[in-house]
Ligand code: F6P
């Protein structure tokens with residue numbers, strides 16, 4: 003509309019001006035033509051009237067002559083008629099013949115209103131001129147006609163103006179659309195460089211040049227970060243937030259909270275849960291000081307929040323806040339235990355536990371996801387915050403947030419594996435889950451393999467556009483980038499700082515567990531979960547003693563298992579099974595396994611890593627597994643060996659570990675023997691290499707890469723916004 007006005011108004015104005023300047027010319031021309039017509043007509047009348055007039059004059063019948071004159075002027079346009087003789091005497095005339103007309107010079111007559119035209123014609127009798135006939139004609143019609151012509155001409159110009167300008171608008175629009183079409187075709191699916199090289203047609207060349215200049219400008223303002231060159235620390239992350247995201251608001255939403263307040267011996271204590279997700283995100287939050295929205299699951303949680311359900315943490319040095327979401331026991335049962343942990347957890351982990359899907363659980367899952375999304379929207383202070391949605395508990399949240407905050411940058415991270423399309427296909431609500439996740443701007447997995455599984459699942463389930471080259475899925479006009487971000491731990495690990503000496507912790511751990519000072523120790527630290535392969539680990543220890551009896555009485559495994567999801571039968575049964583298995587093996591080989599099913603704080607966990615010689619990670623399937631990385635981080639003495647399941651994400655990052663198939667008990671026993679026999683030089687070399695990798699690929703890099711991608715996305719989105727604005731202007 004604006005565009006049409008821009009064309010129409012000036013065009014009509016120009017044509018009105020032209021009309022104003024040219025209409026008097028048309029008017030004069032019209033008058034000249036009209037007078038010529040009047041004179042032709044007068045000659046015709048004179049010719050016709052001459053003959054009867056000569057006869058009447060011959061008859062000298064004045065009455066008849068007078069009647070002839072009066073009858074002649076009954077013609078509408080012939081106003082008066084007169085006859086002058088050769089002496090210029092007006093001999094005869096109609097009664098209304100103007101007195102002022104002189105026979106000597108009839109054309110000199112000037113009537114005041116210019117509506118009478120006088121002309122005279124000779125009258126002959128027998129070839130001799132006997133006088134002249136004077137015709138006075140009413141030419142008032144000429145004036146009327148010219149007023150009408152003027153009006154018609156004026157409107158003709160206006161209509162012409164409108165038609166021409168609308169035709170211009172249509173032509174301009176069509177040309178613009180074809181130009182945009184060609185530009186879009188050039189832009190589609192390629193790098194900027196390739197796009198610019200495709201813009202070769204002559205009309206696009208100036209535009210390509212402008213784009214080059216523009217990109218150069220942006221580039222000079224903000225040099226593209228090469229994240230490989232960055233040494234990642236909390237400070238780098240803080241700077242990144244400040245520079246790349248201009249201090250934008252950052253919110254995290256997850257089921258598990260980083261500090262759980264509980265009543266212990268009459269006091270309130272804050273416990274740090276055993277969770278890979280919390281381990282990774284907590285240092286990020288300390289660095290960015292945002293808000294972390296999570297389920298308030300501790301029995302003292304309500305007592306520690308303010309009026310807005312917020313509490314500042316970490317307790318020893320608060321730097322960010324938790325906003326707690328309260329769930330009823332029914333909600334927790336259906337959403338957390340039911341759909342999340344009896345449905346999605348076994349579905350995504352190939353650990354041969356059958357997933358259970360119940361409609362009431364799904365209903366609770368949807369309702370609780372909505373509850374979390376509403377709290378996120380409530381907590382957001384801006385309309386375009388950066389929101390980090392965590393894990394399988396909240397698969398529907400990205401779309402729910404997107405509906406309320408369409409300009410938010412939503413980065414969702416899936417902390418567990420994504421199975422192949424066939425396996426995921428058994429979920430009755432697969433479509434809703436996938437649509438929920440596609441509300442994200444970026445969807446992250448630990449490995450490329452999980453990204454590919456996700457893309458294949460989408461391909462089989464939903465009608466979307468998939469760009470495999472860029473790993474981008476477009477659903478209902480909104481694109482989601484599918485990316486791999488291998489999660490990690492903080493570096494340097496904060497718990498190493500206040501550690502006691504190695505000798506001290508080694509002695510203490512042995513003493514506390516009733517083991518001899520020289521006992522070689524293995525360590526396993528997990529949540530008590532069937533995906534962790536704890537029983538398989540025990541079987542490997544048993545097989546070690548059977549195959550290599552020289553280790554009997556010299557080696558012992560300490561297994562710390564943090565109780566988890568105990569409301570579920572499967573987890574309670576696992577607890578029993580693990581206890582029984584440990585007891586059975588210990589009966590055969592005394593002190594083979596020390597099982598501690600209880601929660602250990604991060605400090606104690608680190609002491610165990612340092613006190614032991616071999617760490618065993620035998621997960622049957624694991625997204626990443628941070629225990630492996632923590633063990634390496636804790637070993638600043640560069641000693642110790644890591645046995646690592648090939649079914650963890652960490653295995654592809656740490657090939658220096660002894661990689662095993664946990665289902666292959668013989669192989670695991672052999673790996674354990676190799677670890678125990680490994681010369682210290684080899685231990686050092688492997689550990690050194692793994693520590694170097696961890697130092698570089700730490701958790702700040704994990705978060706930083708996601709935030710850099712988010713910042714780029716926001717930059718592109720803003721750019722697209724500006725282009726759209728210009729399109730609207732055009
Ligand atoms: O490693 C991440 C993770 O497995 C999460 O997916 C999960 O939330 C957490 O650890 C522990 O489980 P929960 O939250 O049920 O205690």
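Residue numbers (my numbering): 3 to 732. For every residue, glycine included, the Cβ atom is placed at its ideal position computed from N, Cα and C. Note that the structure is predicted; figures quoted are calculated from it, not measured.
- [ ] Check whether the region 641–652 touches the region 611–626, taking contact to mean three or more Cβ pairs, one atom from each stretch, closer than 8 Å.
- [x] yes
- [ ] List the DSSP bridge partners of residue 706.
- [x] Residue 706 pairs with nothing; no bridge assigned.
Open item on the list: If distances are taken between C-alpha atoms only, which option among 103, 24 and 702 comes closest to residue 86?
Closed with: 103
Open item on the list: Just verifying my parser: in three-state terms, what is the DSSP assignment at residue 319?
Closed with: coil
Task: Beta-ladder partner(s) of residue 476, from DSSP - done: 467 and 481
Open item on the list: Please report the straight-line C-alpha distance between residue 27 and residue 44, rounded to a whole angstrom.
Closed with: 26 Å
Open item on the list: So, for residue 574: in the same chain, excluding its five sequence neighbours on each side, which residues have a beta-carbon less than 8 Å away from its beta-carbon?
Closed with: 568
Open item on the list: For residue 123, list the residues DSSP reports as bridge partners.
Closed with: 135
Open item on the list: My output table needs one value for residue 384: the three-state DSSP class, helix, strand or coil.
Closed with: coil
Open item on the list: Assess contact between the region 625–634 and the region 689–704, defined as three or more Cβ pairs (one per stretch) separated by less than 8 Å. Is contact present?
Closed with: yes
- [ ] Using 6 Å as the cut-off, classify the Cβ of residue 363 as near or not near the heavy atoms of the ligand F6P, replying yes or no.
- [x] no
- [ ] Determine the DSSP secondary structure at residue 234, reduced to helix, strand or coil.
- [x] coil
- [ ] Decide if the region 440–453 is in contact with the region 475–489; the criterion is three or more beta carbon pairs, one per stretch, under 8 Å apart.
- [x] yes
Open item on the list: My assumption, with CB atoms under 8 Å, is that residue 438 sits in contact with residue 401. Please give the rounded CB distance.
Closed with: 5 Å
Task: Segments of 4+ residues assigned as alpha helix (DSSP H) that fall wholly inside the region 601–676 - done: 604–613, 628–636 and 652–655
- [ ] Give me the Cα-Cα distance between residue 60 and residue 70, rounded to the nearest whole angstrom.
- [x] 14 Å
Open item on the list: Taking its Cβ as the centre, do 16 or more other Cβ atoms sit within 10 Å of residue 222, making it buried, or is it exposed?
Closed with: Residue confidence for residue 222 is low, a pLDDT of 41 falling below 50, so the modelled location carries little weight and cannot support an answer.
Task: residue 353 vs residue 530 beta-carbon contact at 7 Å - done: no
Open item on the list: What residue range does the beta strand (DSSP E) around residue 294 cover?
Closed with: 293–297
- [ ] Indicate the three-state DSSP secondary structure (helix, strand or coil) for residue 504 in the structure shown.
- [x] helix
- [ ] Report yes if the CB atom of residue 163 is closer than 7 Å to the CB atom of residue 13, and no otherwise.
- [x] yes
TODO: Just the C-alpha distance for residue 652 and residue 375, rounded to the nearest angstrom, thanks.
DONE: 31 Å
Task: Three-state secondary structure assigned by DSSP to residue 330 - done: coil
Task: Exposure of residue 656, with buried meaning 16 or more beta-carbon neighbours within 10 Å - done: buried
Open item on the list: Considering only DSSP beta bridges, list what residue 271 is partnered with.
Closed with: 264
Open item on the list: I want to check one thing, is the minimum distance from the CB of residue 637 to the heavy atoms of the ligand F6P below 6 Å?
Closed with: no
Open item on the list: Can you tell me which residues form a DSSP beta bridge with residue 94?
Closed with: 85
Open item on the list: Between the region 149–165 and the region 62–78, can you find at least three pairs of beta-carbon atoms closer than 8 Å?
Closed with: no
Task: Three-pair Cβ contact test at 8 Å for the region 299–306 versus the region 255–275 - done: yes
Open item on the list: So, at 7 Å on beta carbons, what are the nonlocal neighbours of residue 20 in its own chain, with the 5 sequence-adjacent residues on each side left out?
Closed with: 159
Open item on the list: Mapping the DSSP letters down to three states, classify residue 340 as helix, strand or coil.
Closed with: helix
- [ ] Go ahead and pull the three-state DSSP assignment for residue 711.
- [x] helix
Open item on the list: Between which residues of its own chain and residue 10 is the CB-CB distance below 6 Å, once the five residues before and five after are set aside?
Closed with: 167
Task: Contact under 7 Å by Cβ, residue 539 with residue 526 - done: yes
TODO: Tell me whether residue 589 is buried or exposed, calling it buried when 16 or more other Cβ atoms sit within 10 Å of its Cβ.
DONE: exposed
Open item on the list: Between which residues of its own chain and residue 659 is the CB-CB distance below 6 Å, once the five residues before and five after are set aside?
Closed with: 644 and 646
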